[in-house]
Amino acid sequence: MDDNEIVELFLSRDETAIKHTAEKFGRRLRALSYGIVGDMQTAEECENDTYMQAWNTIPPNEPRSYLYAFLARITRHISLNYCRDRSRLKRSALICELGAELEECIKAPDDVECRIDDMSLSQAINGFLATLDVEKRNIFIRRYFYLESIADISNRFALSQSKVKTTLFRCRNMLRKYLNKEGYNL
Amino acid sequence: MRGNELLNKMDLIDSAYVEAADVKVYKSKSSFAKWGAAAACLCLALASAFIMKDMLHTQNDLITDAPALNSGADTEIAIVGSNSANDYTVIVIEPDTNNNAFLPFIPSDGPHASDSVDVTPLISSWGEGKYNVDVDANVNVDMAVGDGKVYFSDSLTAAMNHYGDTVNYRVLVELFDDGTRVSSGSQLAIKESERLSGLGYIVAMETVTQTEIDGEYTSVSATYYFTLHATYDQLKTFIASDELGYSLMLYGEYFGESQNDELVIFNGASTTDCEEIGH
Chain A
28 MDDNEIVELF LSRDETAIKH TAEKFGRRLR ALSYGIVGDM QTAEECENDT YMQAWNTIPP
88 NEPRSYLYAF LARITRHISL NYCRDRSRLK RSALICELGA ELEECIKAPD DVECRIDDMS
148 LSQAINGFLA TLDVEKRNIF IRRYFYLESI ADISNRFALS QSKVKTTLFR CRNMLRKYLN
208 KEGYNL
Chain B
98 MRGNELLNKM DLIDSAYVEA ADVKVYKSKS SFAKWGAAAA CLCLALASAF IMKDMLHTQN
158 DLITDAPALN SGADTEIAIV GSNSANDYTV IVIEPDTNNN AFLPFIPSDG PHASDSVDVT
218 PLISSWGEGK YNVDVDANVN VDMAVGDGKV YFSDSLTAAM NHYGDTVNYR VLVELFDDGT
278 RVSSGSQLAI KESERLSGLG YIVAMETVTQ TEIDGEYTSV SATYYFTLHA TYDQLKTFIA
338 SDELGYSLML YGEYFGESQN DELVIFNGAS TTDCEEIGH
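Quick note, the sequences are listed as chains A and B, same order. For the first sequence, this note's numbering begins at 28 and goes up steadily by one. For the second sequence, this note's numbering begins at 98 and goes up steadily by one.
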């Protein structure tokens, strides 16, 4: 069943929408959540919460073209909150590590909330990603959207870990320069 | 703003990018890039010129005093063969644990053996192939190289200091134009490869084909990598263009372990011309 048909089921409040969503995307959403939370039972809870949230947000959203990305965003958000709220130390360490990496991209980090709105920040991030070639972009997104480890990224793309680390290092430098050059003050 | 908040905000990444990144990639190397028919002919012509020159050498010119493999080096593969673009023998050499001097193995009855072959090992990696910056130390280094300048990676420098002119070097070249990285498949890179070929460098534009499979959907994209097979002297006296910056690194630094067992394909030679002998 394609994404459009599944969204139609959501819009017509047909509960088989959840079943079809789980069949098509369940494995990937669980894997995404597992990578963040670190245990399968919690990952399954996050997956189920994702379906509930999807049910509550479609409509008004109609993610006909990129249903998986829509769901992945929800799963990511739920899983990250789970880690932060429940202070699971091992997974918190991962999130702290990723946060520290991304802080390199901010010219003058401080405790003030983001100074620009989400639309502008979206333009900034996606504008930057558009400057990257496919390989670099995918590595960057696997690390900072999917929160994947260096080892998993290197396995996925058949690259050495050294290459992945170097690529991420360069991308962070390039993101910082891009944000400065384009005048985004975070 | 702090890093954690930016990490949260990464959910603003475009859906198309998110989905595109959720595929498994299978990499395979194709043979010499199709774009370079003219460049390939030029490289073959230069290689032929080298062959004609080498055919005048006698057996006594063969290298017999190369340094021991395990004297600080950790070379993964040394490739020994003739300089003929279409007559190439690949030999995988294990490190010599007895600390004996390394002699390049010349198969006397191999299918591509020749009495007048000039055999020079070709180095593509050094140690663990660390990149030219300590990424673990989080050093803030500007990676771009200014116009007219040439940057040698730590591994390449170490290999050159160790082996000198007893080996040739398989080098990946990154080009920069006014501080901006130049795509290896671009016209500028192609033009530069032609310039270097004209100056006597053996240039290859290798392609890595990525096949992305997402369910029933398969897409193929190619990334081009600009490589040189250079002598020690050619690297030491690298003739840079005033309009470009160069970052040179050993081939193995970039591709790492996953490429260790790949055969060399350059100057138009295909894998069918290469034969692995011994381990």
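Backbone N, C-alpha and C fix where the C-beta goes; we use that ideal spot for every residue, glycine too. If you're wondering where the values come from, they're calculated on a predicted model, not measured in any experiment.
Notebook entry, point to check: Looking only at DSSP bridge pairs, what is ARG267 of chain B linked to?
Noted result: The residue given as residue 267 of chain B occupies position 170 in the second sequence. Its beta-bridge partners are B:HIS326.
Check: When you check each C-beta in the segment 36 to 67 of chain A against every C-beta of chain B, which residues fall closer than 8 Å?
Finding: ARG55
Next item on the list: Quick one: list the residues of chain B neighbouring ILE133 of chain A, beta-carbon separation under 8 Å, in chain order.
Entry: On the first sequence, position 106 is the one that residue 133 of chain A refers to. Residues of chain B passing the Cβ test: MET98, ARG99, GLY100, LEU103.
Item checked: Contact belief for ARG169 of chain A with LEU156 of chain A at Cβ below 8 Å, rounded distance in angstroms -> Sequence index remark: in the first sequence, residue 169 of chain A carries index 142 (1-based). Sequence index remark: in the first sequence, residue 156 of chain A carries index 129 (1-based). ARG169 of chain A to LEU156 of chain A, Cβ: 12 Å. No contact.
Notebook entry, point to check: For ASP262 of chain B, which residues from the same chain have a beta carbon less than 7 Å from its beta carbon, with the 5 sequence-adjacent residues on both sides left out?
Noted result: As a position in the second sequence, residue 262 of chain B is number 165, starting the count at 1. For ASP262 of chain B, where only same-chain residues beyond five positions count, the Cβ hits under 7 Å are THR328, TYR329, ASP330.
Item checked: Exposure label - PRO86 of chain A; buried when at least 16 CB within 10 Å -> The residue you call residue 86 of chain A lines up with position 59 of the first sequence. It counts as exposed.
Next item on the list: Grab me the residues of SER290 of chain B's own chain with a C-beta within less than 7 Å of its C-beta, minus the 5 sequence neighbours each way, in chain order.
Entry: Taking the second sequence and counting its residues from 1, the one referred to as residue 290 of chain B is at position 193. Cβ neighbours of SER290 of chain B beyond the five flanking positions: ALA136, VAL300, MET302, PHE323.
Item checked: Helix, strand or coil at ILE168 of chain A according to DSSP, with G and I counted as helix -> Looking up residue 168 of chain A in the first sequence gives position 141. Helix, per DSSP.
Check: What is the DSSP secondary structure of ARG278 of chain B, counted as helix, strand or coil?
Finding: Locating residue 278 of chain B in the second sequence gives position 181, counting from the first residue. Strand at ARG278 of chain B.
Next item on the list: Taking only heavy atoms of the ligand NAP into account, decide whether any of them is closer than 7 Å to the Cβ of ASP29 of chain A.
Entry: With respect to the ligand NAP, the structure offers nothing, as it holds no ligand at all.
Check: Count the other CB atoms within 10 Å of the CB of MET346 of chain B; is the residue buried (16 or more) or exposed (fewer)?
Finding: Locating residue 346 of chain B in the second sequence gives position 249, where the first residue counts as 1. When all chains shown are included, MET346 of chain B counts as buried.
Notebook entry, point to check: What are the boundary residues of the beta strand (DSSP E) that GLY342 of chain B is part of?
Noted result: Residue 342 of chain B sits at position 245 when you count from the first residue of the second sequence. Start and end: 342 to 347.
Note to self: What does the alpha-carbon distance come out to for the pair ASN83 of chain A and ASP179 of chain A?
What the structure shows: Counting from 1 along the first sequence, the entry for residue 83 of chain A is found at position 56. Counting from 1 along the first sequence, the entry for residue 179 of chain A is found at position 152. So the alpha carbons of these two residues sit roughly 33 Å apart.
Item checked: Beta carbon proximity, SER112 of chain B to chain A, threshold 8 Å -> As a working mapping, residue 112 of chain B is identified with position 15 in the second sequence. Interface residue, yes.
Next item on the list: Out of B:GLY297, B:SER250, B:GLY243, state which residue places its alpha-carbon closest to the alpha-carbon of VAL279 of chain B.
Entry: Your numbering for residue 279 of chain B matches position 182 in the second sequence. Among B:GLY297, B:SER250, B:GLY243, the Cα nearest to that of VAL279 of chain B is on B:GLY243.
Notebook entry, point to check: Could you give the distance in angstroms between the alpha-carbon of GLU128 of chain A and the alpha-carbon of ARG91 of chain A?
Noted result: Indexing the first sequence from 1 puts residue 128 of chain A at position 101. Indexing the first sequence from 1 puts residue 91 of chain A at position 64. GLU128 of chain A and ARG91 of chain A: Cα-Cα distance of roughly 34 Å.
Next item on the list: State the Cα-Cα distance for the pair ARG57 of chain A and CYS123 of chain A, rounded to the nearest angstrom.
Entry: Here the question's residue 57 of chain A lines up with position 30 in the first sequence. Here the question's residue 123 of chain A lines up with position 96 in the first sequence. Answer to the nearest angstrom: the Cα atoms are 22 Å apart.
Item checked: Close-in-space but distant-in-sequence residues of the same chain around PRO136 of chain A (CB under 6 Å, 5 per side omitted) -> For this step, residue 136 of chain A is matched to residue 109 along the first sequence. Excluding residues within five positions, the ones whose Cβ falls inside 6 Å are GLU130.
Checklist line | Span of the beta strand (DSSP E) around TYR114 of chain B | finding: Within the second sequence, residue 114 of chain B is the residue found at index 17, counting from 1. Not the beta strand (DSSP E): TYR114 of chain B falls in the alpha helix (DSSP H), residues 112 to 117.
Margin query: With a threshold of 8 Å between beta carbons, is LEU410 of chain B in contact with chain A?
Written below: Lying before the first or after the last residue shown, residue 410 of chain B is absent from chain B, which here runs from 98 to 376.
Next item on the list: Work out the CA separation of ASN105 of chain B and ARG99 of chain B for me, nearest whole Å.
Entry: The sequence position of residue 99 of chain B within the second sequence is 2, counting from 1. The sequence position of residue 105 of chain B within the second sequence is 8, counting from 1. Their Cα atoms are separated by approximately 10 Å.
Margin query: Taking the beta strand (DSSP E) that VAL247 of chain B belongs to, which residues open and close that run?
Written below: Taking the first residue of the second sequence as 1, we reach residue 247 of chain B at position 150. VAL247 of chain B -> beta strand (DSSP E) spans 247 to 249.
Next item on the list: Would you check if the distance between the CB atom of LEU174 of chain A and the CB atom of GLY62 of chain A is smaller than 8 Å?
Entry: What you label residue 174 of chain A is simply residue 147 of the first sequence in a count that begins at 1. What you label residue 62 of chain A is simply residue 35 of the first sequence in a count that begins at 1. Against a cut-off of 8 Å, the Cβ pair of GLY62 of chain A and LEU174 of chain A comes out as a contact.
Next item on the list: Excluding the 5 residues preceding and the 5 following TYR211 of chain A in the sequence, name in chain order all residues of the same chain whose CB lies nearer than 6 Å to its CB.
Entry: Residue 211 of chain A sits at position 184 when you count from the first residue of the first sequence. So the list reads ALA151, once near-sequence residues are dropped.
Checklist line | chain B contact for ILE33 of chain A (CB, 8 Å cutoff) | finding: Stepping through the first sequence from its first residue, residue 33 of chain A is reached at position 6. Judged by the 8 Å Cβ criterion, ILE33 of chain A is not in contact with chain B.
Check: What residues in its chain sit with their C-beta under 7 Å from that of CYS73 of chain A, if we drop five residues either side in the sequence?
Finding: As a first step, residue 73 of chain A must be located in the first sequence, where it is residue number 46. So the list reads SER60, VAL64, THR102, ILE105, SER106, TYR109, once near-sequence residues are dropped.
Check: Where do the N-terminal and C-terminal ends of the alpha helix (DSSP H) with TYR205 of chain A fall, by residue?
Finding: Numbered from 1 along the first sequence, position 178 holds the residue referred to as residue 205 of chain A. Run containing TYR205 of chain A: 188 to 208, per the alpha helix (DSSP H) assignment.
Next item on the list: In the DSSP assignment, find the unbroken alpha helix (DSSP H) run with ARG91 of chain A in it and report its ends.
Entry: In the first sequence, residue 91 of chain A corresponds to position 64, counting from 1. It is not in any alpha helix (DSSP H) - ARG91 of chain A carries neither H nor E in the DSSP assignment.
Notebook entry, point to check: What are the residues that DSSP puts in a beta bridge with VAL300 of chain B?
Noted result: Taking the second sequence and counting its residues from 1, one reaches residue 300 of chain B at position 203. Paired residues: B:LEU325.
Next item on the list: Starting from PRO136 of chain A, find everything on chain B with Cβ-Cβ shorter than 8 Å and list it in chain order.
Entry: The residue given as residue 136 of chain A occupies position 109 in the first sequence. Near PRO136 of chain A (Cβ distances below 8 Å), the residues of chain B are MET98, ARG99, GLY100.
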